[in-house]
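Written out below as structure tokens is the structure these notes cover.
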């Protein structure tokens with residue numbers, strides 16, 4: 005239950021993705037993870053776990069399972085900058101964690117992102133991100149690399165925004181609480197114990213399947229953007245026939261879920277308009 009960018013790097017390596025469904029947290033199910041490891045044709049080499057919409061996955065249970073099985077953990081923390089679990093930053097539990105600075109993220113440089121984790125792995129990634137250039141005066145290459153870099157200007161823009169990261173998280177969480185108060189008819193994404201997500205997007209489920217599409221259309225008529233939840237990866241045409249350990253959880257959420265307008269610049273009048281339209285189309 006995530007975006008395609010979580011899976012593409014697996015394919016770039018020539019590896020085969022195996023999909024594992026969510027549980028009541030909306031994030032990866034530890035129980036289904038155990039089932040997937042036990043029943044996959046080959047033992048997985050790594051697990052990519054997403055902190056969906058900036059809310060923490062069950063990292064204690066997940067990391068314990070992977071440690072027992074000697075499986076590396078990589079965190080897709082693209083949406084989770086500023087979130088914590090047990091006082092530890094989301095994206096710092098695994099061997100590597102990746103954050104996104106896309107235009108719609110809580111901190112943005114218009115694109116690109118940040119990789120954190122084990123020093124040796126980060127240095128290797130930095131080497132490949134700069135065309136795998138060897139440390140010579142001339143241009144020397146023993147391997148091929150990529151151009152996965154932010155410019156100095158964009159890096160400066162992102163660094164400056166770090167000073168207001170906490171303010172943005174507080175504002176995002178305030179927006180979530182307002183929606184939760186004004187729309188008790190909806191089921192909002194939960195927050196697991198001892199965590200503080202950044203509530204990057206306020207997301208919720210309608211009781212009736214398909215009701216979210218009616219609301220999205222009504223909002224669009226008023227030039228207000230909203231979106232369905234992520235379409236699960238095992239339902240994507242590109243992964244037709246892929247091995248997936250599911251119990252219908254993410255499929256159900258996709259059929260009922262919405263991402264509500266959550267921008268930190270949204271004023272009270274704009275918020276009231278959104279709530280009014282949602283209520284009128286329940």
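In the numbering used here, the protein residues as written are 5 to 286. Note that CB positions come from ideal geometry on N, CA and C, so glycine has one too.
What separation, rounded to the nearest whole angstrom, lies between the Cα atoms of residue i and residue j?
i           : j           : result
residue 51  : residue 252 : 21 angstroms
residue 137 : residue 66  : 36 angstroms
residue 163 : residue 276 : 33 angstroms
residue 21  : residue 107 : 27 angstroms
residue 141 : residue 123 : 25 angstroms
residue 16  : residue 71  : 25 angstroms
residue 260 : residue 223 : 16 angstroms
residue 31  : residue 5   : 7 angstroms
residue 236 : residue 207 : 15 angstroms
residue 285 : residue 220 : 9 angstroms
residue 158 : residue 110 : 15 angstroms
residue 19  : residue 48  : 10 angstroms
residue 69  : residue 98  : 12 angstroms
residue 182 : residue 139 : 53 angstroms
residue 53  : residue 167 : 27 angstroms
residue 95  : residue 196 : 16 angstroms
residue 178 : residue 143 : 51 angstroms
residue 150 : residue 133 : 5 angstroms
residue 10  : residue 161 : 25 angstroms
residue 127 : residue 78  : 16 angstroms
residue 12  : residue 243 : 11 angstroms
residue 64  : residue 93  : 13 angstroms
residue 36  : residue 73  : 15 angstroms
residue 131 : residue 80  : 21 angstroms
Consult DSSP for residue i and reduce its assignment to one of helix, strand or coil.
i           : result
residue 25  : coil
residue 203 : coil
residue 9   : helix
residue 40  : helix
residue 233 : coil
residue 210 : coil
residue 73  : helix
residue 83  : coil
residue 264 : strand
residue 191 : strand
residue 32  : strand
For the alpha helix (DSSP H) that residue i lies in, which residues bound it at each end?
i           : result
residue 256 : 253 to 260
residue 215 : 215 to 225
residue 273 : 272 to 284
residue 180 : 169 to 186
Is the beta carbon of residue i within less than 8 angstroms of some heavy atom of the ligand COA?
i           : result
residue 203 : No copy of the ligand COA appears in this structure; indeed no ligand is present at all.
Looking at the secondary structure, which residues open and close the beta strand (DSSP E) in which residue i lies?
i          : result
residue 78 : 76 to 80
Inter-stretch contact at 8 angstroms, needing at least 3 Cβ pairs: the segment 187 to 194 / the segment 87 to 104: no
Any alpha helix (DSSP H) of 4 or more consecutive residues that is wholly inside the segment 85 to 164: 123 to 133
Contiguous beta strand (DSSP E) assignments of at least 3 residues, all confined to the segment 42 to 69: 50 to 54
Contact the segment 167 to 179 vs the segment 12 to 29: 3+ CB pairs below 8 angstroms: no
Validate contact between the segment 192 to 204 and the segment 76 to 90 using beta carbons, cut 8 angstroms, 3 pairs: yes
Sufficient close CB pairs (3 or more, under 8 angstroms) joining the segment 102 to 121 to the segment 218 to 232: no
Three or more C-beta pairs below 8 angstroms linking the segment 238 to 253 and the segment 202 to 217: no
contact_flag[the segment 39 to 55, the segment 257 to 266] where n(CB pairs < 8 angstroms) is 3 or more: no
Three or more C-beta pairs below 8 angstroms linking the segment 48 to 64 and the segment 77 to 85: yes
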